[in-house]
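Below is one structure, written out as structure tokens, with a few remarks after it.
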Amino acid sequence: MRSPWAVTALLTLTSTLAAAGPASKHERACRCLPADDCWPSSSSWDRLNKTINGRLIATVPVGAPCHDPNYDEEACAAVRESWMDPRLHLPSSSSVMAHFFANQSCDAFTAREQPCLLGNYVSYSANVSTPEDVSASLKFAKKKNIRVVVRNTGHDIYGRSTGAGALSIWTHHLKSTEVIPKYESRAYTGPALRVGAGVIGAEAAQAVDPHGLAVVTGECPSVGVAGGFTQGGGHSLLSTSYGLAADQVLEYEVVTADGRIRRASPEEHPDLYWALSGGGPGNFAVVTGMTVRAHPVGEVGGGVILIQSKDAPSPEVFGEVVRRFHALAPAIIDHGASVVYSISGGVFKVGPFTLVNSTGEYIRDTVAGPFLAALEELEVAPMTTVFTTLSFLDHYDRYLGPLPWGTLATSGLQFGGRVVPRSALENEGNNNNNNNNNNNNNNNNNNNNNNNNNDTTIADIIADLVSQGTIAVGTIASFKPPHRVSNAVNPGWRTGIMQLTLATLWSPAPEDWEANLAKQEVMTDEIMPRVKEATPGGTTYMNEADFREPNWKEEFYGEYYERLLKVKKRWDPEGLLYVYKGVGSDAWDVGGDGRMCRRRGRR
139 MRSPWAVTAL LTLTSTLAAA GPASKHERAC RCLPADDCWP SSSSWDRLNK TINGRLIATV
199 PVGAPCHDPN YDEEACAAVR ESWMDPRLHL PSSSSVMAHF FANQSCDAFT AREQPCLLGN
259 YVSYSANVST PEDVSASLKF AKKKNIRVVV RNTGHDIYGR STGAGALSIW THHLKSTEVI
319 PKYESRAYTG PALRVGAGVI GAEAAQAVDP HGLAVVTGEC PSVGVAGGFT QGGGHSLLST
379 SYGLAADQVL EYEVVTADGR IRRASPEEHP DLYWALSGGG PGNFAVVTGM TVRAHPVGEV
439 GGGVILIQSK DAPSPEVFGE VVRRFHALAP AIIDHGASVV YSISGGVFKV GPFTLVNSTG
499 EYIRDTVAGP FLAALEELEV APMTTVFTTL SFLDHYDRYL GPLPWGTLAT SGLQFGGRVV
559 PRSALENEGN NNNNNNNNNN NNNNNNNNNN NNNNDTTIAD IIADLVSQGT IAVGTIASFK
619 PPHRVSNAVN PGWRTGIMQL TLATLWSPAP EDWEANLAKQ EVMTDEIMPR VKEATPGGTT
679 YMNEADFREP NWKEEFYGEY YERLLKVKKR WDPEGLLYVY KGVGSDAWDV GGDGRMCRRR
739 GRR
């Protein structure tokens, strides 16, 4: 008799993978799928479950109540209402926020009579509570030739936390935090925070606040600290003061692909430490915890300015507001501040401004003063202006909260992105007095992102794109730490002063599937080439990029790719850990049915 964890009592899940046909018994070049003869027996899964103390989870997609034979009208309505809300997917061991990567498998909006399919969802998740659980899970996957993915919250627009037939290492409940008053190493002496891999940004900020400290966390406070955020680089409200998240790491606690529990630091396994710090998540080892610098902070100056396009005398003037703001970006950085902005639906939200050991008055009069003066000159009255002096935790909660969830949308969008170099934004200042009114007819009548544009700067392009419905979100900051670092962060970050994210809306309606895919093609083929052309010397943040990025090795990893590949081959020679467009991922092909096979001649 099968144990309860292995049986879905209320739901029959049919895998789409069966249609692909089983792999031959000797075909070790491909990972096993549920329809294959090599797929582990229920007794094998049962043994793994016992080894990790009953914490193995058989996937039941969150959209299951919306399909026969177990349709539940009330439960389905609740799922549909929350489908675009990260809070639905974050507590799940298997759900995804980037809906493309679910491929309409057990979708809450498809027809009730359509079968609930696992499709590209993981088959099982190991709800790990110790490094030993991770070790046992990796050893099982290696022995049974099962695909492995690593997941915490599922905040991932690249589909790296899911995969057909995979065993997920779910780190979400590794929630320990420890404030270390005086961490000592050859590289650093001072306060630090040790976190388990399941800790999110809000929890990290709350842990250090009573000690008068702050740590670098994501602008979305429900993003995990130790996973893709830090391992992919990680920008923050505090980046101008302290650098990227990857620059903060003092040591990692990891389990490598051979199942061994290790410490990675500048002194111990330094190559692994280097790669984990900015070289991409879930690919070199499974991080179970890490220790990061914690920074003494006093009060934080903050503020926000809210502008509506309808309050501008004309659309052209609103476009000029966008240009003037970007022209001031270098000066904001030079004052030691950072600022996040968004432009969506005719609303331009500039803020929060963030400057540690400062005041709201300084933000208003000095940091934001030139922009407020520009608004007055352009006869645009802000809908809201607020400036505050708060602790960092209160600042984080006021402007990006309510903690722990926050308000930034991370689901229901399709993305493209660019780390914009300072040189591109300094050009805005040089062009600030240019009159673009001669181009008004082109701007008003142009419905094609690629034709008849007279834009020459990144701000011109942003102004044009948002006028056509594209969402723009930017983090303006310096991404250079004040201390020396040796890590795998793409060097292009160090000359950048803005992480620009562009997004289009994803519709959950099944009939809009092809239209959604077409929007992403526009992002790849039309929007991003324009952005790149206007930002020579820029790079791309792997965590907020177009998932169809064609030049991903150079854009994500820069000059470090070959060095990272050597680290990958040393610590994971058999490629047990795989992430889409991660270092070494081109050794594998993933078919439309989810089957993952090694390319001939590639190791």
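If you're matching positions, the sequence shown starts at 139 in our numbering and goes up one per residue. Every residue gets a Cβ at the ideal spot worked out from N, C-alpha and C, and that includes glycine. Note that the structure is predicted; figures quoted are calculated from it, not measured.
Residue 715 and residue 417 do not touch by the CB rule: their CB atoms are close to 12 Å apart, not below 8 Å.
Shown here, residue 543 sits in coil according to DSSP, grouped into three states, outside any helix or strand. Residues 307, 420, 424 of the same chain have their beta carbon placed closer than 6 Å to that of residue 288, with the five preceding and five following residues left out of the count. Residue environment analysis places residue 622 among the exposed positions, since fewer than 16 neighbouring C-beta atoms fall within 10 angstroms of its C-beta. Per DSSP, residue 666 is one residue of the alpha helix (DSSP H) stretching across 666-672. Around the beta carbon of residue 349, a 10 Å sphere encloses fewer than 16 other beta carbons of the protein chains shown; the residue is thus reported as exposed. In this structure, the beta-carbon distance from residue 392 to residue 426 falls below 8 Å. For a cut-off of 8 Å, the C-beta gap from residue 555 to residue 640 is around 7 Å, short enough to register as a contact.
Segment contact: the region 536-544 against the region 349-364, three or more CB-CB distances shorter than 8 Å; contact assigned. For residue 509, the secondary structure class from DSSP, reduced to helix, strand or coil, is helix. For residue 463, the closest alpha carbon among the candidates 514, 429, 294 is that of 514.
Take the alpha-carbon of residue 456 and the one of residue 365: they are about 39 Å apart. For residue 537, the enclosing alpha helix (DSSP H) has its first and last residue at 530-538. Between residue 600 and residue 610 a beta carbon distance of about 5 Å is seen, short of the 8 Å cut, so the two are scored as contacting.
For residue 705, the enclosing alpha helix (DSSP H) begins and ends at 699-709. When secondary structure is reduced to three states using DSSP, residue 274 falls in the helix class. Within 10 angstroms of the beta-carbon of residue 675 lie fewer than 16 other beta-carbons, which makes it exposed.
Look at residue 681 here: in three-state DSSP terms it is helix. Looking at 552, 368, 433, 615, the one whose alpha-carbon comes closest to that of residue 466 is 615. Counted as a single uninterrupted DSSP element, the stretch harbouring residue 190 is not any beta strand (DSSP E), since DSSP gives it neither H nor E.
If you compare the alpha carbons of 182, 636, 380 with that of residue 480, the shortest gap goes to 636.
Ranked by Cα distance from residue 233, the first of 285, 205, 199, 736 is 199. By the Cβ-count criterion, residue 477 is buried, with 16 or more other Cβ atoms from all chains shown falling within 10 Å of its own Cβ. Beyond the five residues adjoining it in sequence on each side, residue 734 comes within less than 6 Å, by CB distance, of 169, 285, 726, 728 in the same chain, given in chain order. Per DSSP, residue 692 has no beta-bridge partner at all.
Residue 619 places its beta carbon 8 Å or farther from that of residue 696. Taking residue 231 as the centre and dropping the five residues before and after it, the same chain places the C-beta of 195, 263, 308 closer than 6 Å to its C-beta, in chain order. Less than 8 Å separates the beta-carbon of residue 376 from that of residue 352. Look at residue 482 here: in three-state DSSP terms it is strand.
The beta carbon of residue 523 lies closer than 6 Å to those of 443 in the same chain, with the five residues before and after it left out. For residue 525, DSSP records a beta bridge to 441. Contact between the region 400-407 and the region 430-448 is absent, with fewer than three C-beta pairs closer than 8 Å. Within its own chain, the residues whose Cβ lies closer than 8 Å to the Cβ of residue 526, once the five positions on either side in sequence are excluded, are 439, 440, 441, 498, 533, 536, listed in chain order. Here DSSP, grouped into helix, strand and coil, assigns residue 306 to strand.
Scanning its chain for C-beta atoms nearer than 7 Å, with the 5 sequence neighbours on each side dropped, one finds around residue 519 the residues 449, in chain order.
When DSSP states are grouped into helix, strand and coil, residue 661 belongs to the helix group.
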